Structure formats: C-alpha cells, structure tokens
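Trainee: Chains as they are written, first to last, in this note's numbering: chain C, 226 to 777; chain U, 115 to 420.
We put the CB at the ideal spot given by N, CA and C, even for glycine.
Just so we're clear, the structure is a prediction, and the values are computed from it rather than from any experiment.
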Amino acid sequence: MIAPLRVLRCLALVAVAVTLMAACGSADGPGGRAAVPIGGESGSELAERQVLRRGNGAEPQSLDPHKSEGVPESNLQRDLYEGLTSSGADGEIVPGVAESWEISEDGLLYTFRLRDNARWSNGDPVTAADFEYSLRRSVDPATLSNYGIILHPILNAADVIAGALPPEELGVRAVDTLTLEITLGAPTPYFLGVLAHSAAFPVHRATVETYGDRWARPGRLVSNGAFQLEDWVVQSHIHLLRNPHYWDADTVRLDEVWYYPIENQSTELQRYRANELDMTYDLPFRQLRWIRDNLPDELVISDYLGVYYYGLNVTREPFQDNPALRQALYLAINRERLTSQVTGAGEIPAYGYVPAVRGYVQQTPEWATWTQAEREAEARQLYAEAGYSVEEPLRLQILYNTHENHRTIAVAISSMWNEVLGIQTELVNEEWKVYLETRRSKQTTQVFRAGWIGDYNDAFSFAELMHSTSAMNDSGWDHAPYDALLARAAAERDPAQRADYLQAAERELLREMPLIPVYFYVTKRVVKPWVGGYRPHIQDYIYSRDLYILKH
Amino acid sequence: MLRYTLSRLLGAIPTLLILIALAFFMIRVAPGGPFDTERALPPEIEANLRAAYHLDEPLYQQFARYLGGLMRGDFGPSFQYKDFTVTELIGTGFPVSLRLGGSAILLALLIGVTVGTIAALRQNTRTDYTVMAVSMTGISIPNFVMAPLLILLFAVTLGWLPAGGWGGGAWNHMLLPVIALALPQVAYISRLTRGSMIEVLRSNFVRTARAQGLPERTVILRYALKPALLPVMSYLGPATAAVITGSVVIEQIFGVPGLGRYFVQGALNRDYTLVMGVVVFYGVLIILFNLVVDLFYAWLDPKVKY
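1. Output, in chain order, the set of chain U residues within a Cβ distance shorter than 8 angstroms of Thr-650(C).
2. Report the CB separation of Pro-392(C) from Arg-430(C) in whole angstroms; it is logged as a contact under 8 angstroms.
3. Determine, using beta carbons only, whether Val-743(C) and Val-532(C) come nearer to each other than 9 angstroms.
4. Can you pull the chain U residues whose beta carbon is under 9 angstroms from the beta carbon of Ile-386(C), in chain order?
5. At a CB-CB cut-off below 8 angstroms, which residues of chain U make contact with Ile-634(C)?
6. Helix, strand or coil for Arg-718(C) per DSSP?
7. If you count every other CB in all the chains shown that lies within 10 Å of the CB of Ser-192(U), and 16 or more means buried, which is it?
8. State the beta-bridge partners of Leu-405(C) as determined by DSSP.
9. Note the first and the last residue of the continuous alpha helix (DSSP H) segment covering Tyr-608(C).
10. List the residues of chain U that Pro-366(C) touches, going by C-beta distances under 7 angstroms, in chain order.
11. Do Gln-587(C) and Leu-266(U) have their CB atoms nearer than 9 angstroms?
12. With C-beta atoms as the reference, is Leu-652(C) less than 9 angstroms away from Ala-557(C)?
13. Please tell me whether Ser-287(C) has its Cβ less than 9 angstroms away from any Cβ of chain U.
14. Looking at the secondary structure, which residues open and close the beta strand (DSSP E) in which Ser-197(C) lies?
15. Compare the C-beta of Gly-250(C) against all C-beta atoms of chain U and say whether one is closer than 9 angstroms.
16. Taking 9 angstroms as the cut-off, decide whether the C-beta atoms of Tyr-555(C) and Ala-602(C) are in contact.
17. Using only the alpha-carbon positions, how far apart do Leu-425(U) and Asn-698(C) sit?
18. When the Cα atoms are used, what is the spatial distance from Thr-336(C) to Arg-344(C)?
19. Taking the alpha helix (DSSP H) that Lys-658(C) belongs to, which residues open and close that run?
20. Is the CB-CB distance between Gly-321(C) and Ala-421(C) below 9 angstroms?
21. Please confirm whether Gln-764(C) has its beta-carbon closer than 9 angstroms to some beta-carbon of chain U.
22. Name the residues in the stretch 356-373 of chain U whose C-beta lies less than 9 angstroms from a C-beta of chain C; which are they?
23. How is Asn-654(C) classed by DSSP in three states: helix, strand or coil?
24. Please return the same chain residues whose Cβ sits closer than 6 angstroms to the Cβ of Tyr-625(C), not counting the five positions on each side in sequence.
25. If you count every other CB in all the chains shown that lies within 10 Å of the CB of Phe-452(C), and 16 or more means buried, which is it?
26. Name, please, each residue of chain U whose Cβ falls closer than 9 angstroms to the Cβ of Ile-374(C).
27. Leaving out five residues before and five after Phe-687(C) in sequence, what residues of the same chain have Cβ atoms less than 8 angstroms from its Cβ?
28. Return the chain-ordered ranges of every beta strand (DSSP E) run that is complete within the stretch 266-303 of chain U and spans a minimum of 3 residues.
29. Could you tell me whether the Cβ of Asn-820(C) comes closer than 9 angstroms to any Cβ of chain U?
30. Nearest to Thr-432(C) by alpha carbon, out of Thr-670(C), Ala-729(C), Ala-441(C) and Ala-424(C)?
31. Measuring straight from C-alpha to C-alpha, what distance separates Glu-158(U) and Pro-412(C)?
32. Considering only DSSP beta bridges, list what Leu-465(C) is partnered with.
33. Of the choices Asp-456(C), His-692(C) and Ala-424(C), whose alpha-carbon is the least far from that of His-464(C)?
34. Please compile the residues from chain C whose C-beta is within a distance smaller than 7 angstroms of the C-beta of Pro-145(U).
35. Quick one, which of Gly-264(C), Ala-283(C) and Gly-282(C) has its alpha-carbon nearest Ala-274(C)'s?
36. So what's Arg-373(C) in DSSP terms, helix, strand or just coil?
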C-alpha cells in the first residue's frame with residue numbers, strides 16, 4: 226500500500242517544481258533575446274515589422290461610436306475615428322479634423338474650419354456635412370445611443386434626445402464643405418473636450434445608410450482615423466491596418482494594431498509574459514508585488530481621472546441630517562495606510578472629491594493637513610456628538626458590487642471604523658446590476674462603494690453627479706447652495722471665475738460630506754520595452770498612432 | 115428504432131417549452147436590466163431603448179413575440195453586442211466550442227478507456243494504484259487551477275505553446291485548452307472503465323471465452339470491452355454536454371472565442387436575448403445527446419431493444 230503514497234509524493238514534487246519554475250521564470254519570458262539591444266545600436270532604430278498587440282479588457286459592445294460607452298470600445302474607436310478635436314499628451318485639446326476654430330464673444334457659437342486633406346478610409350473627403358449628419362445621428366432617439374447625452378451642451382440636444390424635437394433642430398450646421406457651426410444652449414468651457422469623445426466622432430453616411438444596424442463590420446466599416454478595420458473575430462481579436470488616406474498618415478509608424486479582448490487580468494499578464502501582447506489593459510491587483518519585483522522596468526503607473534469613494538445615503542437613518550457622523554466616518558479612514566498597504570498600486574489618498582483636472586485647484590478640508598492621530602481624535606469627538614458610544618455603537622451596512630478588490634477595501638475600511646470608533650459593520654455584496662439597482666432605489670443602502678471616471682477633463686464631469694436632480698446622485702443629497710453654485714458655474718464665461726464657483730461647490734460638498742472620498746485611481750499596466758512613444762495620459766487615451774516598435 | 119426516435123423527439127417539445135418559459139421569466143425577474151449602467155440613463159432615453167427592444171410590452175406579449183421569432187429561427191438582436199444578432203454570435207461561437215469540447219471528449223475517451231482497462235487487468239498491482247492515484251488527483255484538481263499551471267509551464271516558462279487565443283483553431287492553440295478540459299474527464303472515465311471492466315472480467319461469458327482457449331487480447335477487445343463500456347456510455351451524454359457547455363472557465367482562461375463565455379457574460383449583462391439563445395441552443399443539444407446515447411445503448415447492449 227505504499228505505492229499510491231509514493232505516487233502522490235511524486236505528484237506533489239512535480240507540482241512544487243512547476244510552481245518554482247514559474248516563480249523563477251526569467252522576467253523577459255521565453256524569447257529573452259538579449260543579443261540585440263532594444264532600438265539597435267542607436268537606441269531608436271525601428272523594427273522592421275511595425276505591429277502592436279494590445280490587451281483590451283472586455284469584448285467591445287460595438288464599433289459604432291454612437292452606440293457604445295465602455296473603455297475598450299473607446300480605445301478602438303480613438304484609433305478608427307477622429308473627431309473635430311483630439312486630446313494631447315497632457316490632456317490639452319489639440320486639433321483633430323478641425324484645423325482651427327473660433328468661439329464667439331458670448332461663448333455660444335463655435336465655428337470650425339475643417340482640414341481640406343481629411344479623408345475617409347475609402348478616399349472620400351471628410352466634410353462639414355459628415356459632422357452635421359453624425360452629431361444629429363448621435364442624439365437621434367432612433368439611433369438608440371445611450372451616451373448621446375454627453376452632447377447636451379449643444380442647442381436643443383436635450384429636446385432631440387427626449388424626442389421632443391426632430392434631429393434637424395440640433396444646433397449644428399454645415400455652412401460649406403469645410404466650415405461647421407455649432408451653437409450651444411449655454412456657454413460650456415469644456416465643450417471642445419466633449420468633441421474628442423467617441424459620441425462626437427463622425428460616421429460615414431453612405432455606409433451607415435447602406436447597411437443600417439450592421440454597418441460596423443469588417444469589409445463595410447469606413448472610418449476617418451489613423452487606422453481602418455481589417456478583421457473582427459468576436460471574443461478573439463480585432464485587427465486594424467493603417468489607413469493610407471488619413472490626413473496625417475506620414476507620421477503614423479504602425480502598420481498593424483491587434484486588439485485582444487481579455488477580461489481576466491491574470492490571463493492577460495500571462496499572455497504578456499509569453500510575448501503575445503506588447504501592452505496590457507490592466508494588471509491583477511494581487512500580482513502587483515510580483516510585477517514590481519520581476520518586471521520593474523515595464524510597469525507603468527500613472528494618474529487617472531477617477532475617484533473611488535463611499536457614498537452615504539442621506540435620505541435615511543443614520544446619515545439623514547447628521548453631518549457630524551458623516552464627517553466622523555470620513556476622518557476615521559487612514560487613507561495613507563489604505564493606499565500603501567491595501568491597494569498598493571500607487572493610488573493617491575483622496576481627501577477631496579475632484580481629481581487633478583485641468584484648470585482647477587483641488588479642494589481638501591483643513592483636516593487633510595492634520596496627522597492621522599489628530600483626525601482620529603476629532604472623529605471620536607464628532608461620533609460622540611452624533612450620539613454614539615462604545616456601549617451604544619453604530620451598526621452599519623457597507624454595500625459593494627461583488628469583486629475581490631472592493632471586498633478587500635471594504636474589510637480594511639470597516640476595521641478602521643471599528644478600531645477608531647467601535648462601529649459594527651456588516652459587508653453586503655451584490656452582483657453588478659443588482660447593486661446598481663439597490664443603490665439607485667435608496668431604500669436600504671447606508672454606505673455604498675462607488676467610483677467615477679471623468680468623461681472629459683473638467684471638474685464639472687464630477688460635480689454634476691451630486692446635483693440634486695442628477696440621475697447618478699445615489700446619496701439622495703439635495704443641497705440648494707450646491708445646485709446654485711453649479712448653475713452659476715454653468716452660466717459663467719470666464720474660466721477663472723467658473724473654476725471659483727466649482728471649487729466653492731466642492732467645499733460645500735466636503736463640508737456636508739454626502740460622500741467620503743477614498744482614493745484617486747491610477748492607470749496600471751505593463752508595456753514592453755520595445756514599445757516607443759508611450760506617454761501616460763490622465764484619461765488613458767493612448768492613441769496607437771503615437772506608438773511605434775523599436776528593433777528588438 | 116425510427117418510431118422510438120420520433121416519439122422521443124416529440125416528447126422533447128414540452129420539455130423545451132418549459133425550459134424556454136423558465137429561462138425567459140427568470141432572467142426578467144432578476145434585479146437590474148440590460149440598460150442599467152454606472153452612468154444612469156435619463157428616463158426618456160431608457161424608455162426609448164425599452165420600446166425599441168419591445169421591453170415595454172406586457173410579459174406574455176414579449177414571450178409570444180419571442181416564441182414567434184424562434185419558430186422562424188430568429189433569436190433576436192443582442193442587447194450587449196450591438197453589431198451582431200444572437201444567431202450570428204451562436205453561429206460563430208458554437209463551432210469553436212464544439213471543436214474544443216469534442217476534441218476533449220475524444221481524448222478523454224481514448225485515454226480514459228485504455229488506462230481504465232489496463233488498470234482493471236492489473237488489478238491491485240502497482241500499475242493499478244499509480245493509475246488510480248493519478249486519476250484521483252485529476253478529479254480533485256479543478257481546471258481553473260490546472261489551466262494556469264499548464265500555461266505557466268508550457269507557455270511562459272518553456273515558451274513551447276501559446277498562452278492563449280485560438281489562432282483560428284490551429285493545433286498549437288488547441289493543445290493546452292483541450293488537455294485542461296479533458297483531464298478531469300480522463301480521470302472519471304478511467305475509473306468508470308476500471309470498475310465495470312473488473313466486474314465484466316468476472317462474469318460467466320468471459321470465463322467461458324477463456325475456457326475455450328481464446329487469446330486474452332480477443333477476450334478483452336472482442337467480448338469484455340463492449341459490455342464494460344455501458345456505464346461509460348451513459349456517462350458520455352451528460353459529459354459531452356458538460357464539456358461543451360462547461361468550458362466557460364477554460365474559454366475564459368485561454369481566451370477561446372467559444373459559446374461558453376456568452377452564457378456568463380449574457381447573464382451578467384442582463385442580455386436577455388443572448389442568454390435565452392444560448393439556453394435554448396444548449397437545451398436542444400442536451401436533449402439530442404441523450405437521445406444519441408440511448409440509441410447507442412441499443413447497439414452496445416443486446417438486452418436493450420426499441
């Protein structure tokens with residue numbers, strides 16, 4: 226009877242060996258071709274084959290820019306299409322198809338001058354009429370777009386979306402072939418940024434009209450960006466080729482871009498390590514330490530335009546009319562410890578709500594300058610003022626959508642609240658869609674995990690969430706001074722004055738504390754050393770046209 | 115036989131209808147809908163979307179509409195993958211799943227039966243123990259553990275095989291997922307074969323065959339194997355369905371563009387039509403597999419007659 230045991234022991238040894246081999250697997254993977262220095266002798270020599278392979282998260286919903294909303298879709302569409310404007314390396318607005326524009330005194334009329342050499346991938350010229358058609362299509366209810374709402378600054382957009390006015394009433398007009406006029410309903414300083422969003426990308430009218438709902442496919446899709454669609458195998462890959470008709474095609478060095486939908490981050494990392502990907506979409510939370518140790522030169526972590534926060538339902542007990550308690554919870558979170566020991570990718574502790582957007586001074590309460598010990602002392606006092614004590618502790622539920630990262634953070638925060646204040650917490654997790662519905666109903670939630678990524682690089686993209694009428698205000702916060710400040714900001718033409726209003730609004734928010742900021746997101750991925758031209762972007766707009774492959 | 119087949123097929127219709135009805139109403143009872151996203155939609159846009167997909171109609175009307183579509187072989191549009199219909203998605207995903215699952219089952223059958231037979235012939239020897247211990251381990255290691263280990267060893271460390279992707283079904287892309295999918299089945303089939311083979315070898319007709327001086331090869335392959343395969347056969351119906359449907363995990367880990375992923379993603383996205391399409395499709399498939407297995411039974415076991 227010894228034999229089976231021996232076999233098992235052998236197996237155990239094999240398993241250990243496999244794990245060890247994997248653990249000490251060299252960082253540069255199987256093809257560690259160290260013989261050629263990257264970029265050749267000069268360090269900038271290009272590889273013969275200019276092919277980039279990108280990991281891209283989930284399978285895209287659609288390649289029709291007016292019908293999708295996720296990040297994977299946007300990554301692809303930024304390569305396929307080009308809007309009137311585009312986003313530069315530092316998040317600044319740069320010309321896209323429009324080579325220049327004028328804004329009227331009152332900030333309501335935008336006149337765009339289009340490039341005369343902009344072409345669709347079939348050679349047709351890109352005209353003002355294309356943009357007129359596309360912007361109308363984006364807000365037309367018949368298109369079934371769910372992101373056309375981002376175009377609401379345009380005159381009559383909201384009414385067209387609601388079906389009250391025909392799309393022809395939208396404030397967009399092609400004056401001549403290369404001149405486009407857009408009229409706004411109210412001055413909107415971030416409007417040029419909205420035009421770089423996929424909802425404002427142009428689509429090729431003849432193609433859309435020929436193929437209807439099924440136009441965004443290989444062999445049919447005509448686009449005006451640096452790349453064109455060659456092939457699309459659902460759940461496998463999307464293959465783009467350089468668009469020879471692109472107006473700036475001479476500066477595009479890549480011949481091909483392959484996008485791979487890989488939702489599982491561990492799988493993605495393995496395919497990267499096996500040299501099947503040049504850059505990943507994301508990284509697995511739990512393997513960051515391993516990556517830091519083994520791929521330190523390939524790890525890229527950069528600021529991202531997003532905030533992770535805990536919303537408080539202020540329409541119900543215990544948070545209703547109880548700012549002291551809300552502040553106590555804010556103060557009792559040790560954000561430094563959380564970001565360094567729990568999340569660990571270099572996330573920035575968030576004492577305020579709005580991330581580092583352009584033209585805005587980030588706001589923080591005075592407590593941000595205190596030491597954590599002082600904050601905790603203050604938290605205890607506020608907690609006592611709110612009527613709770615060790616004998617009669619507060620009992621709370623934290624709701625989050627089912628995900629390991631959110632659970633880990635919820636465990637950490639609840640233990641901090643327990644340590645400092647003695648709060649008894651219960652963690653509740655729900656699957657994504659269930660969680661969204663629970664949050665929205667405001668019937669049972671107390672504390673809920675939330676996050677927000679800015680749609681455009683402006684404080685308003687964050688501020689509007691907490692307006693009393695916003696569909697995304699799941700705290701149920703209704704604060705007249707806050708709404709008034711947003712209204713004043715919306716009507717203000719002077720950028721400095723407008724920023725003042727928005728900053729005052731955020732101070733109001735942080736005093737009332739209907740939500741507790743936790744940290745600002747970062748983008749984290751690994752990029753092969755031979756990928757040239759990679760520059761982190763605050764909204765993670767990595768245009769493939771800026772990238773190239775070095776000799777390796 | 116033909117009569118039996120026809121009556122079985124007719125009998126499957128109510129089963130299918132119940133399946134369709136259950137799936138149809140259950141997915142709609144689940145909280146959250148296809149258009150719930152983090153950026154909440156203004157009510158008029160949501161109403162517009164619901165109307166476009168007929169979700170504003172009473173449930174019974176939607177159900178009737180769906181059944182009507184099915185009659186015409188139309189599974190409807192996918193809510194999530196807006197450039198494709200559900201029929202197209204199943205049409206591209208199923209051949210991949212079939213190829214992956216089919217190869218895995220064939221491999222499992224080939225190895226499992228061989229190994230199980232050898233173990234039975236060498237009952238209680240070292241070979242037997244080794245084989246059974248290995249297969250026990252095979253059953254115990256779930257494939258979401260086995261698959262990453264295989265990838266680490268053969269793709270990342272050794273660099274012999276690709277770490278993922280399908281490559282249009284090239285053999286080197288198929289190898290690892292097929293092995294990962296087949297291993298637990300190999301284990302199970304070999305244990306089944308061993309057990310029933312031991313039993314058959316003790317039966318009278320085998321003793322008679324041996325007494326007549328037939329060579330052992332002939333005894334095993336011609337007389338013993340067929341009855342010994344009966345339990346394997348009845349296991350094969352559900353197993354094939356399980357391998358083709360249950361490759362969700364494997365498809366995910368290896369990035370294989372099969373059908374299994376739509377099951378999970380469709381449910382998570384509340385993509386009603388996609389979930390329904392996959393459920394109906396699999397329902398039909400499982401019913402067919404079970405029928406085929408029952409027909410095979412008649413061929414294998416002379417006692418069974420239809």
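Mentor: The short version:
1. By Cβ distance, chain U contributes nothing, its closest Cβ being about 23 angstroms from Thr-650(C), past 8 angstroms.
2. Pro-392(C) to Arg-430(C), Cβ: 13 angstroms. No contact.
3. yes
4. Pro-156, Glu-158, Ile-159 and Asn-162
5. The contacting residues do not exist; Ile-634(C) stays about 17 angstroms from chain U at best.
6. coil
7. buried
8. Phe-337(C) and Ala-399(C)
9. 597-610
10. Asn-162
11. no
12. no
13. yes
14. Summary: the structure shown does not reach residue 197(C), with chain C confined to residues 226 through 777, and so no result is reported for it.
15. Below a pLDDT of 50, predicted positions are generally treated as unreliable, and Gly-250(C), at 39, falls in that range; the measurement from the model is reported next regardless. Cβ-Cβ to chain U under 9 angstroms: yes for Gly-250(C).
16. no
17. Residue 425(U) lies beyond the stretch modelled for chain U, which goes from 115 to 420, so this question has no answer here.
18. 20 angstroms
19. 657-666
20. yes
21. no
22. Glu-365, Gln-366, Ile-367, Phe-368, Gly-369, Val-370, Pro-371 and Gly-372
23. strand
24. His-631, Ala-635, Asn-654 and Arg-674
25. buried
26. Arg-153, Leu-155, Pro-156 and Ile-159
27. Val-532, Tyr-578, Val-579, Pro-580, Val-582, Trp-677 and Gly-679
28. none
29. Outside the displayed range of chain C (226 to 777) lies residue 820(C), so it cannot be described from this structure.
30. Ala-441(C)
31. 25 angstroms
32. Leu-454(C) and Val-482(C)
33. Asp-456(C)
34. Lys-658, Val-659 and Glu-662
35. Here residue 274(C) is Arg; the residue named in the question, Ala, does not match the sequence. Closest by alpha carbon: Gly-264(C).
36. First, the residue type needs correcting, since residue 373(C) is Gly and not Arg in the sequence shown. Here Gly-373(C) sits in helix by DSSP.
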